[in-house]
Structure formats: C-alpha cells, structure tokens
Amino acid sequence: MPASAAQPVPSAWAVMQPVQGRIRFAMALSGLSAAAALGALCALAWSVHTLLQSSASWPWQPLLLAAVLTALAFVLRLTAFNRSHYAAFHLETLLRSRLSEHLAHLPLGYVQQTGSGALAKVMMEDVKALHVFVADSTPLYARAYVSPLLTFALLLWLDWRLALAATAVLGLGVAVVSLALRGSADMMRRYNEAGENVGKAVVEYVQAMPVVRTFDTGTATFCRYQRALEAYRDVVKSWYRMSGTSSRLSQIILSPLPTLVVLVWLGAWLTSRDALDAATWLAVLLAGTGMAESLLPMVSLRHLVGKTQMSIHRIHEVLAEPVLPVPAAIATKMPRDAGVRFEQVDFRYMADGPLVLRGVSFEAPPGSITALVGPSGAGKTTVARLIPRFWDVSAGSIQVGGVDVRELQPAALMQQVAFVFQDTFLFADTIANNIRLGLADATMDEVIAAARAAQAHEFIAALPLGYDTPAGERGVFLSGGQRQRITIARAILQSRPILVLDEATAFADPENEAALVAALANLMRGKTVLMVAHRLSTIRDADQILVFDQGRLVERGRHEALLAERGVYERLWSNYEQAQGWALRGAQA
Amino acid sequence: MSATQPQITPLRETWRQLMASARSRAPRLRASLIGLGISAALQGLALACLMPLFQALIPTAHHPSADWQAALPWLLLMTGLMLASMLLRWRAQGFDHRGDMVDNTHELRTELGEQLRRIPLEQVQDKRAGEVNATLLGSVDENLSYLLTIVNMMAHALITPAVVALAALYFDWRMGLILLLVFPLLIPLYRWRRPAFGRGMRMLADAQQRTSADILEYVQGLPVLRAACCAGLQAERLQASFKHLETIQTIGQQKGAKPNLILATVMEMAVLLVVFIGAWLVTQGTLDVAILAALMVIVVRFGEPLATFVLYAKVIDLIEAALGKIDAMLRIEPLPQILPAQAPQSFEVAFEGVSFSYAQAGKPTLQALDARLPACSLTALVGPSGSGKTTLTRLLMRHADPQAGRITIGGVDVRAIEPERLNALISVVFQDVYLFDDTILANIRMARPEASDAEVETAARAAHCHDFIRRLPEGYATRVGDIGGRLSGGERQRISIARAMLKDAPIVILDEPTAALDTESEVAVQGAIDALVRDRTVIVVAHRLSTIAAADQILVIDGGRVVEAGRHGELLADNGRYARMWEAQQSAKNWHAGR
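One line per chain: the protein sequences are A and B, in this order. What the first sequence shows, in the numbering used here, is residues 357 to 945, in sequence order. What the second sequence shows, in the numbering used here, is residues 33 to 627, in sequence order.
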C-alpha cells in the first residue's frame, strides 16, 4: 500500500467519530469520578477537623460522606471504563463492517495486489490496535485534565500560598515532561518504523528457515535479521540519550513524594508561626499530593497514541481507496445475449504505469469457445479478469450482451458470468453450502445434481458427513482436484450463460485428473466460454484461439490455421510439445 | 504438599528465568530490582516521618502549640529519606535508561535467532510453529521492556505500605497491626482473581482468533463471494462473526470488571476502615489525633497503586509467559550427533526400515520403509498427496530423525555426518521458490558465499537465467524486492536452480519443480534441471508421470510404505497402482475443449 501523501490522515480522535457520543459520556463520567474522589478527600479532612475541635465524638457524618464519595468515585470510574470499552468494541465492529463493505466495492485487482494477508491484517490487527487508545486512554485523559484543575481550585480556596507551592512542583514537572517530549514525534516515528522492520525481518527469517537451512544455514537472512535488530537498538538508545534524563526526572517529580515534602515544609513553617490552621494544612496535604500524580499517565498515553496513529493511517488508506463506479439504478441496462466483446481495450494497472494491454479487440459470440493463449506476461489472464471488473479498462470498452460492463449493475453482471479460478477457494462451511454459495434457496437435489455433473458426488457421499462435511482450511482434508470439482459444481449450479475459466496449470494428483476433465466438459456445455489455457492440447478444437504477446492480440484463428501461420502460436505449440515430451533421464536411460 | 506450593515455585522459577535471560547483566539487573525495592522502602520510611512530625506540629490537648524545634529533625530526616529514595530509584532505572535493557533484549533476540538455526528444522517447519516463533522473537522486547516499570509499581503497592505499617507499630501498635492485617489482603485477592482473568483472556483470544480466520477467509474468497453476490454487508457469516466478537468482548469486560470491582472496593474500603477505626480510637482518647492525621495523609496515597496493581498484574503474566517461552526455546536440543563423525565417500542413499510420525499427527507418516537409491541414479517418488513422499526427502535432510530405522548416505548414517557436511551434500529445488529481498546476485550466491561473480554467472548460464537477468534494469545487482512480482514463476524457479547449480552438491532433491509453470517457462526450467541433475544422485517428487517415465527407479508410495517399485515399463506391466495412475493421466491429456 503506497502512502498517499495528499490525503490528510484523520487524527486519533476523528476515528472515534462513530462512537463519539458514547466516548464523551465515558469521559464525563471519568471527570465526575475525579471530582468525587477529591470530595472524599475533603470529607476526610473535615473529619480530622471535627476531631481536632472535639475528640469526644466519632465524626460519623464526614466519615460516612467520605465512604459514600469513595464508593461513588469508584463506581463512576468503573462505569466510565466500561462505557469506553463497550464503545471501543462497538467501534471495532463498525470499522470492520465498513472495511468489509468497502472491499466489496473496490477493484478486485487492488485486493489482489495489496494481498489478502495485508488487508486481513488491517481489518483485524490495526482495528484492534485502536482499542487501547479508545477504551483505556479516553477516561484517563479526562481525569488527567479534570483532577489537577479541580485540585488547584480547591487548594486556592484553602490556602493560596500552599496552592502556589503545589502548583510550582506541578509546573516544574510539566516543564520537564515537555522537555522529555521534545522531538518525540519524530523519534516515535523512527522507533515505530524500526520496530516494524524488526517484525518484517523476523517473519522473513522464520518463514524462510526451511529454505535457508538447505543452503547456508541461514547466514544471509540472519544478517538481515540482525541488522534490523541493531537499527532498532540504536533508535531506542538514542531516544533514551535524547530524553532519558528528563523523562526519568519527570517521573520522579510527578510522583507524590516531592509535592508532599514541599507542602510539609511550607506548612510546617507556617503552622509553627501560627500562620496556618492545622485542619487546613491537613486538607491541603490530603488533596494536594495527588495533583501532580494524575498527570503521569499523560506521558505513557502519548506513546500509545503514537502507535495507534500508524494503524489509523493504514485503515484510512484502505477506506480512501476509490471504489469501482456503479451506474445509477435507473440508468442500468440488461445484456441482450451471452456474447462478449472487447473494443480497442487499453489497460494499465496504475495511471503512470506501462500499458499491459493495447488495442485489444475481439468478439466471443454466444455459445462459442474462445481460448486465450500466450507466453507468461502476455496479458491473457488480465483479459479474463477485466470481464468481471477486477479492474476497469483504461481506454476502449468491454461489452457483455452488447452492454458496456460499466453500465451494468454489479449484480446483473454477475448474473451473466461464472468464473472458475485457478486457486480454488472453499469456505469454512459445509460442502453443500459451498456449492450453493449465493443461491441460498437451491434445493438439496439441485446441489446433488450439480455435484454429480462435476464428478464430485461420489467422493462427497463417501465422506463421513457427506454434504454436511465442513470444508475450507479448518475443515476436512480435500485434494486439490477434489476442491476444484466442488468449485466446478458451484459454477454448474449457478448456471450462468458466460463462463470464464482460468485453467489450472497443474492438476494436483493424477488420479483426479480424468474426473476433473469430465467435470469441466459438463460445465462448458452450451456456454459462451473464455478460457485461459496453458496446456495447448486442450484447446485444439476451440472456435477461436486468441494469441497474446506483450499486451497485444497478435494472432487469432483456429488451431490448424494458426499453426500454418508459423507465428507466435506455432512457437508456443512447439514449446508445448517439447515440454510434454520432456522427461528426466536416469543414468541407464 | 500445601496448596500454595505450586504457586510459589513458579515465582522462584520466574526469577531464575529472568536472571538467566539477563546473562552477563544479571548482577546489574538484580541490583536494579533490589534498588527499586529499597527505594520503595525508603519512601515508606519518609512517609512514616509524618507521624512524629505531626505530633510535634499539630496542636492537641497534650501540647497546645506547634513545636518547630521538635519538628525540624523529622523534617530534615524526611527530606533526606526522600532524596535517598529518589536517588536510588534514579540509579535503578539506569538499567533501562543507560540502555542495558535494550542491549539485553537485543542479545536475547540474537541468541534466539541463532537457536532457531540449530534446532531440528521439523520444529520450525509447520506454519503454526512459525507463527509462534515469529511472535516470540518479535515480542521479547515489548514484554521485557516493561519489567522495571512493573517492578517499581509492585514495590510501591507492596513494600511501601508494609514499611509504613511496621513503622506505625512503633507509634501505635494497634494502628500498625490493622495496617499489617489489611494491606497484605491484596495478595490472596489478586491470586483469587488471576485465574478468572486468565479464563476471560482465553475466551477473548478464541473469539479473536475466529474473527481473524473469518476475515482472512473473507478477503481471500472475495473474488468468489463477489461473483456469488454475497460480499460486504451481505457476507452474513462475517458480519455475524464481528457481532459475536463484540458480544464476547462485552461479556469479558463485564466479567472481568466484577472481580476487579470487588478487589478495588476492598482496597479502597480498607483505607477507609483504617481511618474509621483510627477515628474511633481517637474518640476513646487512646490515639493521638496527630498519628491518625499522618496515617490518613499516607494511606490515601496507597489507594491508587493498590487499585491499579491488578490492572498492571496482567503485564506480569505476559512477562512470565514470555520468559517461559524463551526458556523453552533455548532448551530445545539440536539433533544428536553420533560420534565419531564420519564423511561419506560415495553418494548412494538407503532408507532402512524407516518409521516416522509427526509429533502432532495421530498415525505414522512412514512405516518401516525400505528403499535403495544407487549413486548417480534418478529415483522418482510418486503417490497421492499426504502419502509421505515429501517426508522422506525431509528425513534425508535431517529436518527430523526417524523414530525407527536409519538413513544412510554412502553407507554412513546421516546422524553421524556433521550438519554442515550433510548440508553441503544435498541441494533442493522446491515447488515454491523463496527469494529474499536482496540482489539477484546475493540470492544465487547464498548457496556458496565464497563464490566469485564469474562462478555465479556460470551457474546462472547453466540454469538458463543469465539472459533474463541481464535484461533486468540493473542486471545481477537488481534487488528482488524492487521488481517483486515482475519475475515470472519460471524465472524465479530458474534462479533457485542456479543456486543449486552453484552449490554443486552430489545429491539433488527436486520437489515438483515444474508444477506451477506455464509452457514457455517450463521448457527453460526443464533445460536448467537437465543441467543440474547430470551425474548426481537425484530424488524427484513428481505428479506428472510423463516427466519421470525414464527414471532409473520409480517408487510408488502410499500410506507411508513403498507399494510398488521398478522402472516405468515394469510397473506398467505389473498393471497395479502405477499403471492406473498412468492411464488416468493419459486420458486426461487427450481431453480438449470444443464440440
């Protein structure tokens, strides 16, 4: 995902927008809790005051008040944290839903290029990373602001001299903190970058271990791993060098003890000169020592927010990716027939990238079989993927049934076209549901009929749970060929007039191959077929063969005619024959 | 054995692991941790000074006016103790700030990385183990770097109150006793809460794992889902999974909050209880109001660290878990070496009664398998997926040792061959090629770091990749990461074959090297393989039977045994398993689209 510098990244606070009300409520509760806690301290001071005046009776009123306020402060704080947590959880759900919905409307090419792993990481990990900030830090922020302010007001009311002294310590602490935070944004960025590099190096190092060990016991990768570690260590150390002293100092100054000692000295001196009432002094000591302490979380919070920022950036990047334009509901057309037509199609992946397809024009009449062939990188797979709008063309147009694919509602386009991709994908659901994907009302009989046509019924019925057997990564083990037949059954059930096949290059195991071939033959019956073919023997009887080379459609025709032309196709064919005839030679052969 | 026994031992064990992880810095770490403890104790003493101080300054019935002279020494002592406490803390934190901790985690990660190269490859091979290791290597730093902060907080929550309580004994034994009784409550309470916390975490982790898997599945299956018109908000399973996670999170928060609520309430109430009893004692005339006032000022400061102690205790669990995993990882022994080490003089390979099962698998992968592979011969392994073909090649490379039987090269047990030597004997070409984010030159040269540029180029020529490498923007100096996807599967495969050429090992393993290639690349890769296998002992795992029809020996493997063996013609004549596979492939080959 390239960083798009032009788009402003929303601040950590803006990301919370969907749950803003709830967060504000939580922060208000947290502020109230700080006030109640302070109130409890006042009540305690009042009880001592009462005792000082007359030690005869137990001061039940202030003590009861202290108990009630303490309990209240605690309940408020807990509720604040609960509220902010619930809000944060809800925000996770909202953001994930939004991301999933957004991905459903992006060019599939973007999804493929970015990689499913990276996108899944954004949806899971980056969204999760927001939690600490949204849930844990918002109430603390409220407290860090409310508590010192209220305390200061209270102290001022009690005794202005002591108030100033406590504030002076606080001010000193804040000054040192800001010294510690100087340049920290830049440092934090470097720190996070170095940390991410370590993460990448670790993954490479661990993943490549089997490969690496067969060659050099891992020296080269280990060096890369170590370089990343060293860079990280150096960043951390220079951060400590830069702000270590001031951050250590600020932690010590903002701890309760220094404030307490200052207030004790000043108070003791004033009391001994009868310039201060003992009860007032006690009240100040009770309330004032915590003034600086409540600022402490601010420092560690800043680091958390800094980390969150990178996650926000990545989430935002995905959400800012423009979706495929969809025609307005009224203006949509319906395809007339099952023909596919390319008209002067140019295509490039990126606006400033090289052309991958140039001036490609062809027509696949309804019910015909068209094969797309060419050397790797010629553009044949791109042609196949433009039909379902993995991307939109850069120039020219693609028509299905006489209508530009961009003028069809996505659902209407999908109603016309079925796809069988190279990489078979099964969901963690039953085999039956995998076959009836998107056709929830298909009956079991229809599912079984499709499976039979796809040569899959026999092995499915032999499974312990039959059609109810769970499939997918977390399900039962199925061979590549079996998985592919299930996806073919899916396409057969969908029964759409146009079929785009990206032929599997290698059928996983030899015994399945014949069945797979029969399944494909059933699937193709009566359809307009466009197939990307690697094994040229399979397309000898195709109605037309389109030969691509370097993004251009260079030859077209039937097998024999193309061979006679002695061009690119003829070269491909002889290569193919040669590859088919190749065999490893043993010593005695 | 008392019930508390198993809980105490792990603590000692954690300390041992911690010191072991600090290695040469262990004395400094110990000093630093003890320093933090003493600093907290001094802070307790400094706070305790408030008691005599208040006695001198707060006017009561006994002495109606403040006594500055009596207060001054206590003021000075308190200040001195505070400064000493700060100084100690400052020095103790130097372990973090001077960079000791960073150096320490750095060394630890380096060592873990080196360990990863020594331990049996089987242990790092499967994906899950890979993830665990990656997490471990990635998080060592994060977990350990909080150590001092946490210890500091624990010291303030446990040591400071204890010292204050002991000092209070001297001034008023009853108040001291109450303090001593109340504050250690935290420990049993914390222990009681800990398993509940663990349960909640597991529940949450499960739900998160489920959502994570669902998300990955969704993104991977997006083309299919969109083709079926059930992507985005229509992907009901996904949206349900999000809702489910939120529900679990909410329940977890509620459940987690309850014990937390009780614990913190108990601690806050304990503070109030001290005040209540103190006030009552004052009304009875048996306690100096100054002592009560002093204790009040002190204990209200305890509420915060005590209440948050539990929240931070989570991190202790993380540190403990990390230390445990580090320890376990460093304890894994490399595969044993039979002495004296021997060097094979010839390169025939023999499997003699080899049985092997993976640690996590129920049934054995290989069962008393016998096979002989003469030197400079070509042996093909065929059979259904999961039949044990790849396991066989892995055992030869000693990713793991078989549970029974032995494998020999030139008559020498592979366990008697030094790892470096064994490694030098075998080259592998895998189906998926792993190229590193480095130059093409470095990617090839990794097979023999001392090779000259000319030697690398010779290997590249032999592997049919010199021409396309020359056409790259910077030739051999092109970084793989910069061109990434622009290398085709065949080109990547040829680079990996060049690696194997350069390595020039007498034994070559080919694991489906042409499975995923298009025709044009295939011809080039085939040419490269022909050059590679010349005059070597070759083992090839193949699915396309036509490619191995000319092998010297074909081993048909099923269910962990060799079920058929022989040359192509012989096996066809046997009309068994191999013959059926061959027929199926031939008929599929003749299929073509059209009507």
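Yeah, the Cβ is synthetic: ideal placement off N, Cα and C, and Gly gets one too. Remember, predicted model here, so these are calculated numbers, not experimental data.
Query, Result
"Could you confirm whether any beta carbon from chain A is found closer than 7 Å to the beta carbon of Ser244 (chain B)?", "yes"
"Rounding to the nearest angstrom, what Cα-Cα distance links Ser611 (chain A) and Val321 (chain B) in this structure?", "27 Å"
"Helix, strand or coil: how does DSSP classify Arg511 (chain B) here?", "strand"
"Alpha helix (DSSP H) containing Thr490 (chain B): first to last residue?", "485-494"
"Where Leu577 (chain B) and Val414 (chain B) are concerned, what is the direct C-alpha to C-alpha distance, given to the nearest angstrom?", "8 Å"
"Determine the burial state of Leu77 (chain B): buried for a count of at least 16 other Cβ atoms within 10 Å of its Cβ, exposed for fewer.", "buried"
"Residue range of the beta strand (DSSP E) that Met887 (chain A) falls in?", "884-888"
"Hey, how far is the Cα of Ala474 (chain B) from the Cα of Arg502 (chain B)?", "15 Å"
"By a C-beta neighbour count over all protein chains shown, 10 Å radius and 16 as the cutoff for buried, is Leu108 (chain B) buried or exposed?", "exposed"
"For the alpha helix (DSSP H) that contains Val712 (chain A), what are its first and last residues?", "Val712 (chain A) -> no alpha helix (DSSP H), and no H or E assigned at all."
"Quick one: Cα of His441 (chain A) to Cα of Asp349 (chain B), how far?", "22 Å"
"What does Ile90 (chain B) reach in chain A if we use C-beta pairs closer than 7 Å?", "Ala634"
"Suppose contacts are defined by Cβ-Cβ distances below 7 Å. Is Thr142 (chain B) in contact with Asp173 (chain B) by that definition?", "no"
"Please report whether the beta-carbon of Pro255 (chain B) lies at a distance below 7 Å from any beta-carbon of chain A.", "yes"
"Roughly how many angstroms lie between the CA atoms of Phe383 (chain B) and Leu248 (chain B), to the nearest whole one?", "41 Å"
"Quick check: the Cα distance between Leu464 (chain A) and Gln765 (chain A), rounded to an integer number of angstroms?", "16 Å"
"Rounded to whole angstroms, what's the CA-CA distance from Met233 (chain B) to Val156 (chain B)? Just pull it up for me.", "26 Å"
"Rounded to a whole number of angstroms, what is the C-alpha to C-alpha distance between Thr664 (chain A) and Leu506 (chain A)?", "30 Å"
"Give the C-beta separation of Ile539 (chain B) and Thr490 (chain B) to the nearest angstrom, bearing in mind that I take them to be a contact with Cβ-Cβ under 8 Å.", "Not quite, the Cβ-Cβ distance comes to about 21 Å (not below 8 Å), so this is no contact."
"With DSSP collapsed to three states, give me the class of Ile210 (chain B).", "helix"
"Run through the DSSP bridge pairs and tell me what Phe698 (chain A) is partnered with.", "A:Phe718, A:Ile754"
"Does DSSP put Gln617 (chain B) in a helix, a strand or coil?", "helix"
"Quick check on Gly395 (chain A): does DSSP put it in helix, strand or coil?", "helix"
"Which residues in chain B have a C-beta closer than 7 Å to the C-beta of Glu552 (chain A)? List them in chain order.", "Per Cβ cutoff of 7 Å: no residues; Glu552 (chain A) is ~10 Å from chain B at best."
"Can you give me, in chain order, the residues of the region 576-592 of chain B that have a beta carbon less than 8 Å from any beta carbon in chain A?", "Arg576, Leu577, Ser578, Thr579, Ile580, Ala581, Ala582, Ala583, Asp584, Gln585"
"Any idea which residues DSSP pairs Thr643 (chain B) with across the strands?", "For chain B, the structure presents residues 33 to 627; residue 643 (chain B) sits outside this window and is missing."
"Please report the straight-line C-alpha distance between Val465 (chain B) and Leu447 (chain A), rounded to a whole angstrom.", "41 Å"
"Grab me the residues of Ser403 (chain A)'s own chain with a C-beta within less than 6 Å of its C-beta, minus the 5 sequence neighbours each way, in chain order.", "Pro415, Pro418, Leu419"
"From the beta carbon of Gln125 (chain B), is the nearest beta carbon of chain A less than 7 Å away?", "yes"
"Tell me, please, whether the region 210-222 of chain B touches the region 724-743 of chain A by the rule of three or more beta-carbon pairs shorter than 8 Å.", "no"
"Can you give me the start and stop residues for the beta strand (DSSP E) that Val134 (chain B) sits inside?", "Looking at the DSSP string, Val134 (chain B) is not in any beta strand (DSSP E); the run it does join, the alpha helix (DSSP H), is 132-150."
"Compare the C-beta of Cys659 (chain B) against all C-beta atoms of chain A and say whether one is closer than 7 Å.", "Residue 659 (chain B) lies beyond the stretch modelled for chain B, which goes from 33 to 627, so this question has no answer here."
"Classify Cys579 (chain A) as buried or exposed, calling it buried when 16 or more other Cβ atoms lie within 10 Å of its own Cβ.", "exposed"
"Measure how close the beta-carbons of Val530 (chain A) and Ala390 (chain A) come, nearest whole angstrom, since I'm counting them as under 8 Å.", "The Cβ separation is near 18 Å, so there is no contact."
"Could you check if Glu911 (chain A) is buried or exposed, using at least 16 other CB atoms within 10 Å of its CB as the buried criterion?", "buried"
"Residues of chain A with CB under 7 Å from Arg121 (chain B), in chain order?", "Ile608"
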